[in-house]
Structure formats: structure tokens, C-alpha cells
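Undergrad: Quick mapping for you: the protein sequence lines, in order, are chains A, B, C and D. As numbered in our numbering, residues -4 to 100 make up the first sequence, in order. As numbered in our numbering, residues -4 to 100 make up the second sequence, in order. As numbered in our numbering, residues 1382 to 1517 make up the third sequence, in order. As numbered in our numbering, residues 1382 to 1517 make up the fourth sequence, in order. Where is the CB? At the ideal position from N, CA and C, for every residue including glycine. Quick caveat, the model's predicted, so the values are computed rather than measured.
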Amino acid sequence: MSLKIQSNFNDEGNQWEIKAIGDVDISTAPKLRDCLDAALQDKKANIVLHLEELNYIDSTGLGVIIGTMGKMKEYENQIMLVNPKENIKKLLNITSLDRILCPKI
Amino acid sequence: MSLKIQSNFNDEGNQWEIKAIGDVDISTAPKLRDCLDAALQDKKANIVLHLEELNYIDSTGLGVIIGTMGKMKEYENQIMLVNPKENIKKLLNITSLDRILCPKI
Amino acid sequence: MTDILKFSIPGKPEYVGTVRLAVSSLANCAGFDIEAVEDIKVAVSEACTNVVCHGKSNRDDCYEVACEISEERIIILVIDRAGGYDMSQYQRPVMDNPKEGGLGIFIIKALMDEVDIFSELGMGTSIKMVKYLNRL
Amino acid sequence: MTDILKFSIPGKPEYVGTVRLAVSSLANCAGFDIEAVEDIKVAVSEACTNVVCHGKSNRDDCYEVACEISEERIIILVIDRAGGYDMSQYQRPVMDNPKEGGLGIFIIKALMDEVDIFSELGMGTSIKMVKYLNRL
Ligand SMILES: Nc1ncnc2c1ncn2[C@@H]1O[C@H](COP(=O)(O)OP(=O)(O)O)[C@@H](O)[C@H]1O
Ligand SMILES: Nc1ncnc2c1ncn2[C@@H]1O[C@H](COP(=O)(O)OP(=O)(O)O)[C@@H](O)[C@H]1O
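#1: Is the stretch 1497 to 1505 of chain D close to the stretch 1386 to 1406 of chain C, with three or more CB pairs under 8 Å?
#2: Is there a C-beta anywhere in chain D that falls below 7 Å from the one on Ser91 (chain B)?
#3: Between Thr1506 (chain D) and ligand 2, is there a pair consisting of the residue's CB and a ligand heavy atom that are separated by less than 6 Å?
#4: Roughly how far, in whole angstroms, is the beta-carbon of Gly1412 (chain D) from the beta-carbon of Leu1514 (chain D), given that I think they are within contact range, below 8 Å?
#5: For Ser(-3) (chain B) and chain D, any beta-carbon pair shorter than 7 Å?
#6: Could you check how far apart the C-beta atoms of Tyr51 (chain B) and Asp29 (chain B) are, in whole angstroms? I think they sit under 8 Å.
#7: Is the beta carbon of Ala1463 (chain C) closer than 7 Å to that of Lys1437 (chain C)?
#8: Along the chain, where does the alpha helix (DSSP H) containing Tyr1396 (chain D) start, and where does it finish?
#9: With a CB to CB cut of under 6 Å and the five nearest residues on each side skipped, what residues in its chain are close to Met1468 (chain C)?
#10: Using beta-carbon positions only, say whether Glu1481 (chain C) and Ile42 (chain A) come within less than 7 Å of one another.
#11: Reducing DSSP to helix, strand and coil, say where Ala1463 (chain C) ends up.
#12: Identify the continuous alpha helix (DSSP H) that holds Lys84 (chain B) and give its terminal residues.
#13: Could you check whether the Cβ of Ile1486 (chain C) sits closer than 6 Å to any heavy atom belonging to ligand 3?
#14: Do you know whose CA, among D:Val1475, D:Phe1388, D:Ile1456 and D:Tyr1471, lies nearest Ile1421 (chain D)'s CA?
#15: Can you tell me whether Ala15 (chain B) sits near ligand 2, meaning its C-beta is under 6 Å from at least one heavy atom of the ligand?
#16: Would a check of beta-carbon distances place Ser1469 (chain D) closer than 7 Å to chain C?
#17: Say whether the stretch 1471 to 1486 of chain C touches the stretch 68 to 87 of chain B, bearing in mind that this needs 3 or more beta-carbon pairs closer than 8 Å, one atom from each stretch.
#18: To the nearest angstrom, report how far apart Asn1409 (chain C) and Leu1492 (chain C) are at their CA atoms.
#19: Does the CB of Asp29 (chain B) have a neighbour CB from chain D at under 7 Å?
#20: For Ala62 (chain A) and chain C, any beta-carbon pair shorter than 7 Å?
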């Protein structure tokens, strides 16, 4: 299982554009957490997490996203998930996380 | 594991153009054998087996190809493998089958 | 006709992906469609993740995953001897106020047709998950 | 540090792919490069195929695949109780005149660094295959 992350600060939109590619599970979730933490450390801003190339996520990955959302609340920043695949959309729906994290679905 | 086969008679070249897509192992080798047999049943001619989309083959698949080669000898027809991926090229090389089956490598 | 496959795996994060891959290949063999295979993949991962995360045993200790495949269903058992837990303490997650943890069992129950958990404190846990083929 | 994973699988063609997938995921975890992972995949498949093809046991009987992973190597054992064979009858294939069968063990020996086979007629066979990391 592998996870690749591309992280980019969008000056125009004043937000992080972060793309997760591959699989997030118990062995790769720490990497996702580190990347999100590093971004916020670098600059407090909203995060757009692009999921079009994410094949798999489970509760460990969702937990990291929820945790990040919590940390961001302090600064009134938000994290937003865009373009999840069908399997991931299903998981977001089951957990009702889509209502909080995916304003566009 | 899955195997898809596209079989086509090329009138111009007077030969079968057969493309194997996926994996040939003990569970899919019978399908390869059936397709090759059916082609020769339909028309005795040379066979060009296109391997650019074949991801995996092992001795069961190689056995089917050797068996077909044997059946074709009677009619002086040949079977030729083209465009194998690196892993498959290695196997053909180890078994020296490339010398008999891959005139172009 | 029922086939039984068993895996014995050390309780380490890096092997959860191997189990997920193996079980999803089995589910695919058994004739489940893509969506059901994905459900099974996530469910078995959640169960293995719980062993690895919450197990109090040595990380070298192995847990067992058993898959029973028949024409109408797949049964997956994940059995550990990693200390167990007090199931009466379990709280369903409240999704209006999501927390970082506590989603695993909730997700398993949402994705599988039948789920039974048996845990004995000081001993271990077994979770049985069933998914039926062709169920609407 | 050595990790041991074990699989128990019914001797049927449809499950050989599952073993192949699981073992290649392990080899990948263990740090082998793409070419070595492919070698291991083929070797373990050949060993399983032999059990399924030549085994005289009931197709429901299971064989075992054990993988021992350490920093410097992977050891894969495939153990069956499917009747065994007389190894003194074994003939290396003659590739100027290839035959449909008889390539399996030859391929395993070409792809793995060490191969030991032990077969007892009337009992079963075990094959031990070793591949080292970072070996030129
Ligand atoms: N196999 C297990 N061994 C020990 N404790 C477990 C096991 N599975 C679940 N638990 C306990 O049940 C709780 C709820 O599990 P779960 O719903 O998967 O959420 P999470 O794993 O995120 O905490 C865990 O926090 C843990 O205390
Ligand atoms: N696990 C096994 N159980 C019984 N017989 C076996 C086993 N593995 C190998 N053999 C015997 O050894 C012979 C050579 O095997 P191999 O080189 O793999 O070629 P093939 O399987 O194509 O015949 C087989 O034909 C079979 O008689």
C-alpha cells in the first residue's frame, strides 16, 4: 500500500491545495497527518483535499481528517474534500462526514 | 485474476492476430488453450500472439503455448510472441523459449 | 460447497494491506461486484486495524483471519488474543460532533450484512462479518 | 527481526492468484524491487500450481504457505500433504525440444536464490524458496 501527497499553496485562493494519491490506511495515515500538520504549520489557511486519485481510505484516514478539522476550528479555517471516488463517497455518506466535509456533493 | 482474449484473422497477412490481456495462470490457462484451439479449428494459419497487455504468465501458460506450437508443426504453421513486458521477457529468456517463439527479440 | 482459507498475521500496520488485498481477491473470486468487494475490503481492514491499534499483546503475536466462502455468502472472522475489551463501554459515534476515533465498528456494521463481536477482557476478541451475494 | 505469516488454502486453481497477490504484497513491503517481486510471484505460483495440479488429495484439503520475512531475505515455504512424488524421477526440461509440462521447478530454481525440495512419496511435499534483498 502506498500513499503519495502533493501539497501546494494557492496564493490566489489563499488556500492549500493538497492531493492524496493511492491508499490511506493504518500504515500510511501517519504520512497524511504529517503532511496536513506541516501545511498548517507553514501557513494557517483553508485546505482543499483533492481525492480524484485516492483509491482507498478507512477510519484511520477519516480520523486524521477529523483531527485536522478540529485543529483548524480554532483559527476558523476549514478542510474540504473534493472529487472522491464512488467507494470513498459511500464511506463519507455512511459516516455523515460528507455533510461537514464535502459542501459540493 | 482475469484474462481477456481478442482474436482476429488478418486476411492480408494470412495469419491470426491474437491479443492476451491480463494474467495467464492455472485458473485462466484453459481459456487461452480454448481460444488458440478454436482459432486453429477455424483456420490453419500462423498465429501472432500480442503480449503488450499481458501482465503475468507462468509455466501453465507457457505450456499451453508450447502445446499449441506442437499441434501447429504438423501443418508447418508457427506461433510467434510479440511485445512481451520485461517480466515475461525474462521468463521466456530463462526457459530459452524466446529463441523458438520470439524471432524479433 | 464451502471453502475455508486462513491467514495468520503479525499484529503490525504494514501487513493490514496484505490481508486487505488477499481478502478482496477472494471476494472477487467469489463473485461479489465491485461495490461489495470494496465494502468487504474496508470492513476487514477496520477489524485488522483494531487488533493492531488496540491489541495489548506483543506486536510479534499473530492474529488470525479466516474466510469461509460458499455460493451464497462470505464469512470473515478476525480473531485475536490481544487482550479484549469491555464491550459494554462501547459508544456509537455521534456524527454531528465527530471525533478522531471510534468509527471502525460503526463502519463495519454499516458495510456488512451481519456482524457479531465477542470480546473477553484479558483474553481476546473475535469479530464475525458476513456478506451475502446478490442481496439487494 | 523476523515476521512470519501463514496462509492455509484449499488446493483449487482459483485461489493460486490470491496467494500470488498476498505474497507479492509482502515482498513489496519487505523492500524487494519490482523485478524481484515478479520473480517471487512466479516462483510461489509455480509451487502452488504443482500442489493443485499434481496433488492426489481431495481438492478441499488445504496446503500451507508460510512466509518468513527479515531484513535480508524472504523465505517462502509451500507445504502440502498431497501425496508427494519420487524426486529421483525428476528430469530437467530440454529446451531444444520443449514439452508442455515440466517447467515449474526449473523456473523456480532460476528465479530464487535458494531452493530446497523435500518430498515423501505417499505423504507430501515441501518446497523452501529463499530470495535475498540487495543481492546482485
Ligand atoms: N480487537 C480489539 N481489541 C481490543 N480492543 C478493541 C478491539 N476492537 C475494538 N476495540 C475497542 O473498541 C473501541 C471501538 O472501536 P472502533 O469502533 O473500531 O473505533 P476506534 O478503533 O477508532 O477506537 C476501541 O477504541 C477499542 O477500545
Ligand atoms: N507438490 C507436488 N506434489 C506432487 N508432485 C509434484 C509436486 N511438485 C512437483 N511434483 C512432480 O514433479 C514433476 C515436475 O514438476 P514441474 O517441474 O513443476 O513441472 P510440471 O508441474 O509442469 O509437471 C511434476 O510433473 C510432478 O510429478
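TA: This is what the structure gives:
#1: no
#2: For this step, residue 91 (chain B) is matched to residue 96 along the second sequence. For Ser91 (chain B), the answer is yes, since a Cβ of chain D falls inside 7 Å of its Cβ.
#3: By one-based count along the fourth sequence, residue 1506 (chain D) stands at place 125. At least one heavy atom of ligand 2 is nearer than 6 Å to the Cβ of Thr1506 (chain D), so yes.
#4: Mapped onto the fourth sequence, residue 1412 (chain D) falls at position 31. Mapped onto the fourth sequence, residue 1514 (chain D) falls at position 133. Indeed, because the Cβ distance is near 6 Å, the residues count as touching under 8 Å.
#5: Along the second sequence, read from residue 1 onward, the residue named residue -3 (chain B) stands at position 2. Taking Cβ atoms only, chain D never reaches closer than 7 Å to Ser(-3) (chain B), which makes this a no.
#6: Working through the second sequence from its first residue, we reach residue 51 (chain B) at position 56. Working through the second sequence from its first residue, we reach residue 29 (chain B) at position 34. Tyr51 (chain B) to Asp29 (chain B), Cβ: 19 Å. No contact.
#7: The residue you call residue 1437 (chain C) lines up with position 56 of the third sequence. The residue you call residue 1463 (chain C) lines up with position 82 of the third sequence. For Lys1437 (chain C) and Ala1463 (chain C), yes; Cβs fall inside 7 Å.
#8: Counted from its first residue, the fourth sequence places residue 1396 (chain D) at position 15. Pro1394 to Cys1410 is the span of the alpha helix (DSSP H), which, as asked, contains Tyr1396 (chain D).
#9: Working through the third sequence from its first residue, we reach residue 1468 (chain C) at position 87. Hits under 6 Å: Ser1500.
#10: Within the third sequence, residue 1481 (chain C) is the residue found at index 100, counting from 1. Within the first sequence, residue 42 (chain A) is the residue found at index 47, counting from 1. Cβ atoms of Glu1481 (chain C) and Ile42 (chain A): not closer than 7 Å.
#11: Looking up residue 1463 (chain C) in the third sequence gives position 82. Correct three-state label for Ala1463 (chain C): coil.
#12: Locating residue 84 (chain B) in the second sequence gives position 89, counting from the first residue. First-last of the alpha helix (DSSP H) with Lys84 (chain B): Glu81 to Ile89.
#13: Within the structure as shown, ligand 3 is missing, the only ligands being ligand 1 and ligand 2.
#14: Locating residue 1421 (chain D) in the fourth sequence gives position 40, counting from the first residue. When each option's Cα is compared against that of Ile1421 (chain D), the closest is D:Ile1456.
#15: Indexing the second sequence from 1 puts residue 15 (chain B) at position 20. Not under cutoff, so the answer is no.
#16: Reading the fourth sequence from its first residue, position 88 is the one you call residue 1469 (chain D). Not closer than 7 Å to any Cβ of chain C, the Cβ of Ser1469 (chain D) fails to qualify, so no.
#17: no
#18: As a first step, residue 1409 (chain C) is located in the third sequence; it is residue number 28 there, counting from the start. As a first step, residue 1492 (chain C) is located in the third sequence; it is residue number 111 there, counting from the start. Roughly 16 Å between the two C-alpha positions.
#19: Residue 29 (chain B) sits at position 34 when you count from the first residue of the second sequence. Closer than 7 Å: no.
#20: The sequence position of residue 62 (chain A) within the first sequence is 67, counting from 1. In the sequence under discussion, the amino acid at residue 62 (chain A) is Gly, which differs from the Ala named in the question. Yes, contact with chain C.
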